[in-house]
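K.L.:
Those sequence lines, one after another, are chains A and B. Following the working numbering, the numbering of the first sequence begins with 1 at its first residue and continues without gaps. Following the working numbering, the numbering of the second sequence begins with 1001 at its first residue and continues without gaps. Next up is a structure, given as structure tokens.
Protein chains: 2
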Amino acid sequence: MDRLQHRRAAARLRVLCPDGTPLRERPVRIDQTSHSFLFGCGAVDAVAMMKTQDEGQRAFLRERMEKWLGLFNFGTLPFYWGRYEPREGETAYTETMAAARWLIGRGVRVKGHPLCWHTSCADWLMRFSDQEILKRQLERIRRDVSAFRGVVDMWDVINEVVIMPDFDRYDNAVTRICRKEGRIGLVKQVFAAAHETAPGALLLINDFNTSVSYEILLEGLLEAGVPIGAIGIQSHQQQGFWGLEKLENVLSRFSRFGLPIHFAENTLISGEIMPSYIVDLNDWQVDSWPSTPEGEERQAREMQEMYTALFSHPLVQAITNWNFNDGQWLKAPAGMLRQDNSPKPSYQALKDLIHGAWETHLDLRTDSEGYVSFEGFRGGYTLICGEDSAAFSLEEDLSDTVCPGRQ
Amino acid sequence: MDRLQHRRAAARLRVLCPDGTPLRERPVRIDQTSHSFLFGCGAVDAVAMMKTQDEGQRAFLRERMEKWLGLFNFGTLPFYWGRYEPREGETAYTETMAAARWLIGRGVRVKGHPLCWHTSCADWLMRFSDQEILKRQLERIRRDVSAFRGVVDMWDVINEVVIMPDFDRYDNAVTRICRKEGRIGLVKQVFAAAHETAPGALLLINDFNTSVSYEILLEGLLEAGVPIGAIGIQSHQQQGFWGLEKLENVLSRFSRFGLPIHFAENTLISGEIMPSYIVDLNDWQVDSWPSTPEGEERQAREMQEMYTALFSHPLVQAITNWNFNDGQWLKAPAGMLRQDNSPKPSYQALKDLIHGAWETHLDLRTDSEGYVSFEGFRGGYTLICGEDSAAFSLEEDLSDTVCPGRQ
Chain A
1 MDRLQHRRAA ARLRVLCPDG TPLRERPVRI DQTSHSFLFG CGAVDAVAMM
51 KTQDEGQRAF LRERMEKWLG LFNFGTLPFY WGRYEPREGE TAYTETMAAA
101 RWLIGRGVRV KGHPLCWHTS CADWLMRFSD QEILKRQLER IRRDVSAFRG
151 VVDMWDVINE VVIMPDFDRY DNAVTRICRK EGRIGLVKQV FAAAHETAPG
201 ALLLINDFNT SVSYEILLEG LLEAGVPIGA IGIQSHQQQG FWGLEKLENV
251 LSRFSRFGLP IHFAENTLIS GEIMPSYIVD LNDWQVDSWP STPEGEERQA
301 REMQEMYTAL FSHPLVQAIT NWNFNDGQWL KAPAGMLRQD NSPKPSYQAL
351 KDLIHGAWET HLDLRTDSEG YVSFEGFRGG YTLICGEDSA AFSLEEDLSD
401 TVCPGRQ
Chain B
1001 MDRLQHRRAA ARLRVLCPDG TPLRERPVRI DQTSHSFLFG CGAVDAVAMM
1051 KTQDEGQRAF LRERMEKWLG LFNFGTLPFY WGRYEPREGE TAYTETMAAA
1101 RWLIGRGVRV KGHPLCWHTS CADWLMRFSD QEILKRQLER IRRDVSAFRG
1151 VVDMWDVINE VVIMPDFDRY DNAVTRICRK EGRIGLVKQV FAAAHETAPG
1201 ALLLINDFNT SVSYEILLEG LLEAGVPIGA IGIQSHQQQG FWGLEKLENV
1251 LSRFSRFGLP IHFAENTLIS GEIMPSYIVD LNDWQVDSWP STPEGEERQA
1301 REMQEMYTAL FSHPLVQAIT NWNFNDGQWL KAPAGMLRQD NSPKPSYQAL
1351 KDLIHGAWET HLDLRTDSEG YVSFEGFRGG YTLICGEDSA AFSLEEDLSD
1401 TVCPGRQ
């Protein structure tokens, strides 16, 4: 049984010469140029690259982002309220929009993360009443979704709702309003604000909690008519690879809703594993967290196992690695690049899948009527014959005519 | 601060002589005769008493139930589908109805438990399709709620929904339909069937899971408009007393819905504590589970602490002990009577609260206008002067005229 059949489509193309006659019995080259599946990664350095005034730093980040583009077609941009708008009214709009446009110009789809979250929330909100915080939360969503409409068409609307009203590590504006409105009450309102502002956008809820609590929350939200377009699942594995059994269990439990699933924040590390007694990952504060040669081999192997399992599941629509390079969140060796931008084995391992095993490149020959038939991974394609080429898209089974012209 | 103020009400009564003139400056006796609060217990032996054909056994159960009446005003009757209707169409209606009437005739309010549950479910259902099982589940609810209308006006409609679709110890009809319909989908339908059949009945959901999962489930159900009249919480403490901290935590988390709370299945034992590694209490199978003198003192003390904490919380409307005598579920020493019907210290401890500290009995004197004023625990009362008496009800603050007559 081919576990990747749902990732492929069949094409039967009739290739015509410029004069409209069939191109009979001639070699043609089929090259997949893009993926329908969303191979994603955090793209925080696209923003940093736009912001820095240091030439050397910009070149270094540019080199990093070029390597990023060597793997991914889907980027997560930061919209944490406390960082996006550190002082009321002073937003990071300019550099964030520049980063989004830079990515989009390179064929990357962009997601904004997150519009509502109790962590990294704006401190200046806390002087307001609960009612005023809620009003500003909804206004903030309308403002940012509107400002990025046509560029960012996918949003993590709300993050970590299961724990949100019970979060007690520090007081914050969003936990306050979640306690007041209830989980479902708040989720309804923030989704409504985003949906009204951009009816065509794909709206996600996202959580690290993969227990029955998140399942029950989703059931309640869908019952309440919340327009959830895809379910976001975090898989930060600083405490060790989940393994295929847990992965299949999570997939089976969250697939019952029939919605697309995004593994929206994936981490696998190439250093020492964080002890299991740590409950909140943020409690693990270390001076340095080195990447090791054995760790790098392990990370590459686990990445391949995990990507293969997820790509094999029909409802998974996206996998996003959280950190592209080592030394970001918790200083963890969680990247596909080291801090100096050198690629780790995991970079090559993912490349072997994304642009190797799971990408279609074929040398074919048209038949006597000019037809060529093949099956390929879903995405964008070019058909090349001699110096002529034609682009086509293979999203579903396809029967079409192509007429290659000079490039 | 008086933590029981919400359990009391103030009365100002004008006492009249038979000829309509005020009863001036005369002694009157105020006796509380019943409680508004529901002090409950499982009443399975009321059914057994109705069913047995053995005179000696009937007398023994009668003695037990008389002691039961010495404490409680609220009984839970068994409606487990697999026992209530062991063969299709052959129900325990007769003995169950007889037990309900016997209790009601003695001032006891009766609850049916449960109408839908994956455990103790009817095996004969399993030959049907899921669609047919659901149809029969809803029909069963309509049939039984209808048959007991006017007698049983309170139902545990559904039990243990958090685990219901994931329950995998054995195949059963209800888990099957819960998987198909979803938790909220099934709860909506079973509550609708009960509510349509008896619109005035108090309908409960009940669970042993007191985690955030149950909170989130309740939020989703209320959002979906399910007519939950009270939240049932199980507190089987075979593995040791929760303690006041956990109790307060549970009360605080489940009180945010503003609904009445029933501690619907309470167990505190007077023997050895079950080890904490046991996850499903039903896995603890022992030949005997003796009650010990130290255990009986501990149980009595814990009962008093727990009842005091719950009675002090304004939203708690009922506390039901699960087993009235030792040796029932899991053979545990969980009763207020030993197996030979002798009372344990917990019986006296509860009596000291229910019919002692929390019951109002006063010797007062009417003033020159015939008025008498007092504050008392909510419930039913008699006012006695000489050989005359009058009954009145003190549910809310009361200003009324009473006219005692010969008893």
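Where is the CB? At the ideal position from N, CA and C, for every residue including glycine.
Closest by CA to residue 163 of chain A, which one among A:194, A:334, A:148, A:206?
P.N.:
For the purposes of this step, residue 163 of chain A is taken as residue 163 along the first sequence, with counting starting at 1. Per the Cα distances, A:206.
K.L.:
Applying the criterion that 16 or more other CB atoms from any shown protein chain within 10 Å of the CB defines a buried residue, is residue 307 of chain A buried or exposed?
P.N.:
If you number the first sequence from 1, residue 307 of chain A lands on position 307. With 16 or more other Cβ atoms within 10 Å, it is buried.
K.L.:
Curious, which full-length alpha helix (DSSP H) runs of at least 4 residues does the segment 1129-1216 of chain B contain?
P.N.:
The segment 1129-1216 of chain B contains these whole alpha helix (DSSP H) runs: 1130-1147, 1173-1181, 1183-1197.
K.L.:
Quick check on residue 224 of chain A - is its C-beta less than 8 Å from some C-beta in chain B?
P.N.:
Translated into the one-based positions of the first sequence, residue 224 of chain A becomes position 224. Yes - at least one Cβ of chain B is within 8 Å of the one on residue 224 of chain A.
K.L.:
Applying a beta-carbon distance threshold of less than 9 Å, which residues of chain A neighbour residue 1233 of chain B?
P.N.:
Taking the first residue of the second sequence as position 1, residue 1233 of chain B is located at position 233. Within 9 Å Cβ-Cβ: nothing; residue 1233 of chain B doesn't reach chain A, min ~17 Å.
K.L.:
Distance cutoff 8 Å, beta carbons only. Does residue 1216 of chain B sit that close to anything in chain A?
P.N.:
What you label residue 1216 of chain B is simply residue 216 of the second sequence in a count that begins at 1. Closer than 8 Å to some Cβ of chain A, the Cβ of residue 1216 of chain B qualifies, so yes.
K.L.:
Name, please, each residue of chain B whose Cβ falls closer than 7 Å to the Cβ of residue 182 of chain A.
P.N.:
Mapped onto the first sequence, residue 182 of chain A falls at position 182. Neighbours of residue 182 of chain A on chain B, chain order: 1219.
K.L.:
Using the Cβ count rule (16 or more neighbours within 10 Å means buried), how would you classify residue 190 of chain A?
P.N.:
Here residue 190 of chain A refers to the residue found at position 190 when the first sequence is read from its first residue. The residue in question, residue 190 of chain A, is buried, as its Cβ has 16 or more Cβ neighbours within 10 Å.
K.L.:
Would you kindly check if the distance between the Cβ of residue 232 of chain A and the Cβ of residue 156 of chain A is under 8 Å?
P.N.:
By one-based count along the first sequence, residue 156 of chain A stands at place 156. By one-based count along the first sequence, residue 232 of chain A stands at place 232. Yes, the pair counts as a contact, with Cβ atoms nearer than the cut-off.
K.L.:
So within the segment 63-128 of chain A, which uninterrupted beta strand (DSSP E) runs reach at least 3 residues, ignoring any that extend past its ends?
P.N.:
Within the segment 63-128 of chain A, the complete beta strand (DSSP E) runs of at least 3 residues are 74-78, 109-113.
K.L.:
For the segment 190-216 of chain A, which residues have a CB atom closer than 8 Å to at least one CB atom of chain B, in sequence order?
P.N.:
Those would be 211, 212, 213, 216, in chain order.
K.L.:
Determine the DSSP secondary structure at residue 332 of chain A, reduced to helix, strand or coil.
P.N.:
Residue numbering aside, residue 332 of chain A sits at position 332 when the first sequence is read from its first letter. The answer is coil: DSSP assigns residue 332 of chain A none of H, G, I, E or B.
K.L.:
Residue 1166 of chain B versus chain E: which residues are under 8 Å apart at the beta carbon?
P.N.:
Absent here is chain E; the protein component of the structure consists of chains A and B.
K.L.:
So the candidates are A:199, A:45, A:15; which of them puts its Cα closest to the Cα of residue 323 of chain A?
P.N.:
Taking the first residue of the first sequence as position 1, residue 323 of chain A is located at position 323. The shortest C-alpha separation from residue 323 of chain A is found at A:45.
K.L.:
Give me the residue from B:1295, B:1115, B:1036 with the minimum Cα distance to residue 1393 of chain B.
P.N.:
One-based indexing of the second sequence puts residue 1393 of chain B at position 393. Nearest of B:1295, B:1115, B:1036 to residue 1393 of chain B, Cα basis: B:1036.
K.L.:
Can you round the beta-carbon distance between residue 1076 of chain B and residue 1105 of chain B to whole angstroms, since I take them to be within the 8 Å contact cut?
P.N.:
Here residue 1076 of chain B refers to the residue found at position 76 when the second sequence is read from its first residue. Here residue 1105 of chain B refers to the residue found at position 105 when the second sequence is read from its first residue. Incorrect: roughly 17 Å between the Cβ atoms, too far for contact.
K.L.:
To test your reading of the DSSP string, which unbroken beta strand (DSSP E) runs of 3 or more residues are found completely within the segment 256-308 of chain A?
P.N.:
Within the segment 256-308 of chain A, the complete beta strand (DSSP E) runs of at least 3 residues are 261-267.
K.L.:
Residue 240 of chain A: which of A:229, A:276, A:210 sits nearest, CA to CA?
P.N.:
If you number the first sequence from 1, residue 240 of chain A lands on position 240. Selected option, being the one with the closest Cα: A:276.
K.L.:
Would you call residue 249 of chain A buried or exposed, if buried means 16 or more other Cβ atoms sit within 10 Å of its Cβ?
P.N.:
Here residue 249 of chain A is taken as the residue at index 249 of the first sequence, counted from 1. Flag for residue 249 of chain A reads exposed.
K.L.:
Residue 1174 of chain B versus chain A: which residues are under 7 Å apart at the beta carbon?
P.N.:
One-based indexing of the second sequence puts residue 1174 of chain B at position 174. Result: empty, since nearest Cβ-Cβ is about 17 Å, beyond 7 Å.
K.L.:
Would you mind stating whether residue 8 of chain A and residue 376 of chain A have Cβ atoms separated by less than 8 Å?
P.N.:
Here residue 8 of chain A refers to the residue found at position 8 of the first sequence. Here residue 376 of chain A refers to the residue found at position 376 of the first sequence. In this structure, residue 376 of chain A lies closer than 8 Å to residue 8 of chain A by Cβ.
K.L.:
Would you mind reading off the limits of the beta strand (DSSP E) that contains residue 1027 of chain B?
P.N.:
Walking along the second sequence from the start, residue 1027 of chain B turns up at place 27. 1027-1035 is the span of the beta strand (DSSP E), which, as asked, contains residue 1027 of chain B.
K.L.:
So residue 252 of chain A is in the alpha helix (DSSP H); what residue range does that whole segment cover?
P.N.:
Along the first sequence, one-based indexing puts residue 252 of chain A at 252. Run containing residue 252 of chain A: 244-254, per the alpha helix (DSSP H) assignment.
K.L.:
Going by other Cβ atoms of all chains shown within 10 Å of its Cβ, with 16 needed for buried, is residue 991 of chain B buried or exposed?
P.N.:
For residue 991 of chain B there is no data in the structure shown, the boundaries of chain B being 1001 and 1407.
K.L.:
Return the first residue and the last residue of the beta strand (DSSP E) that residue 1368 of chain B is part of.
P.N.:
Position 368 of the second sequence, counted from the first residue, corresponds to residue 1368 of chain B. First-last for residue 1368 of chain B: undefined, no H or E at that position.
K.L.:
Within 10 angstroms of the Cβ of residue 1059 of chain B, are there 16 or more other Cβ atoms? Answer buried if so, exposed if not.
P.N.:
Taking the first residue of the second sequence as position 1, residue 1059 of chain B is located at position 59. So residue 1059 of chain B counts as exposed.
K.L.:
Would you check if the distance between the CB atom of residue 1216 of chain B and the CB atom of residue 183 of chain A is smaller than 8 Å?
P.N.:
What you label residue 1216 of chain B is simply residue 216 of the second sequence in a count that begins at 1. What you label residue 183 of chain A is simply residue 183 of the first sequence in a count that begins at 1. Yes.
K.L.:
Check whether the segment 263-270 of chain A and the segment 284-300 of chain A are in contact - that is, three or more C-beta pairs closer than 8 Å.
P.N.:
Judged by Cβ distances under 8 Å, the segment 263-270 of chain A makes contact with the segment 284-300 of chain A, as three or more pairs qualify.
K.L.:
For residue 1222 of chain B, name the three-state secondary structure that DSSP assigns.
P.N.:
For the purposes of this step, residue 1222 of chain B is identified with residue 222 of the second sequence, where counting begins at 1. Three-state result, residue 1222 of chain B: helix.
K.L.:
Answer with buried or exposed for residue 282 of chain A, where buried requires no fewer than 16 other C-beta atoms within 10 angstroms of its C-beta.
P.N.:
The residue you call residue 282 of chain A lines up with position 282 of the first sequence. Exposed, by the Cβ-count rule.
K.L.:
Taking residue 1025 of chain B and residue 1368 of chain B to be in contact with their CB atoms under 8 Å, please state how far apart those CB atoms are, rounded to whole angstroms.
P.N.:
Here residue 1025 of chain B refers to the residue found at position 25 when the second sequence is read from its first residue. Here residue 1368 of chain B refers to the residue found at position 368 when the second sequence is read from its first residue. Indeed, because the Cβ distance is near 6 Å, the residues count as touching under 8 Å.
K.L.:
For residue 1162 of chain B, go through chain A and note every residue whose CB falls closer than 8 Å to its CB, in chain order.
P.N.:
Counting from one through the second sequence, the residue named residue 1162 of chain B turns up at place 162. Those within 8 Å of residue 1162 of chain B in chain A are 212, 216.
K.L.:
Tell me which same chain residues have a C-beta within less than 7 Å of the C-beta of residue 288 of chain A, skipping the five on either side of it?
P.N.:
By 1-based counting over the first sequence, the position of residue 288 of chain A is 288. Contacts found: 331.
K.L.:
Once the 5 residues before and after residue 1402 of chain B are set aside, which same chain residues still bring their CB inside 8 Å of it?
P.N.:
On the second sequence, residue 1402 of chain B is found 402 positions in, with the first residue counted as 1. Around residue 1402 of chain B: 1013, 1014, 1015, 1016, 1383, 1390, 1392.
K.L.:
Return the bridge partner residues of residue 1236 of chain B from the DSSP annotation.
P.N.:
Numbered from its first residue, the second sequence carries residue 1236 of chain B at position 236. Per DSSP, B:1267.
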